[in-house]
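*Asks:* In this note's numbering, the protein residues as written are 2 to 175.
My questions all concern the structure below.
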Amino acid sequence: MWWDSSFDWIGMTPVMGGVERKDTGRTGIGIQEEQTQEMRRAVPLCVEEQMEYMELCLRMEEDLRGKSRITAGSSSSLSTSKTQTENRAEQSNEKKRRREKRREEKRREEKREKRREEKRREEKRREEKRKRRERREEKRREEREVVFLDSKVSVCHKTHPAPHQGELGEGFRG
């Protein structure tokens, strides 16, 4: 629960999942009263939303208290107050939608960044593989050249053993 045990303001009392009017018989508003009760029972998600929710409840309570004093003859004032309450509720809902939109955009951006990072890693892996492959091929080429030169030298030694007793390639014209 997001309220403390001493929670009691403007004729409200804590109940499971929200607040409830102590004097429900005093106002004869009906459908709007049910809507406000439903809104009061909405469970807030975070501290910021709880604060907005409590402010909204206070405003709605003030609107309802004002309406209960209005006589039946002045219906235009009643519709104005109802519109204000609806506007406040819509504004609160709009704030929530914007907040959720920002959260969703942030999640998408994080996913994009993850994909970019994964692509970078994959590119690095490919580059490392390519370099290793090039090194292996270079080593093989060098080994083939050495084997080729050794075989030429040995053939040369077999045919002309005396003059080529020194280092590899000394006097040898390939």
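Even glycine gets a Cβ: it sits at the ideal position worked out from N, Cα and C.
Report all residues from its chain with a CB closer than 7 Å to the CB of Arg104; omit the five preceding and five following residues, and keep chain order.
*Replies:* For Arg104, where only same-chain residues beyond five positions count, there are no Cβ hits under 7 Å.
*Asks:* Can you round the beta-carbon distance between Glu53 and Lys96 to whole angstroms, since I take them to be within the 8 Å contact cut?
*Replies:* 7 Å between Cβ atoms; contact.
*Asks:* For Thr84, is the classification buried or exposed, using 16 other Cβ atoms within 10 angstroms of its Cβ as the cut-off for buried?
*Replies:* By the neighbour-count rule (16 or more Cβ atoms within 10 Å), Thr84 is not buried but exposed.
*Asks:* Output the distance between the C-alpha atoms of Arg99 and Lys132, rounded to the nearest integer angstrom.
*Replies:* Rounded to whole angstroms, Arg99 to Lys132 spans 49 Å at the Cα level.
*Asks:* Quick one, are the C-beta atoms of Arg89 and Leu59 less than 8 Å apart?
*Replies:* No, Cβ-Cβ distance for Arg89 and Leu59 is not below 8 Å.
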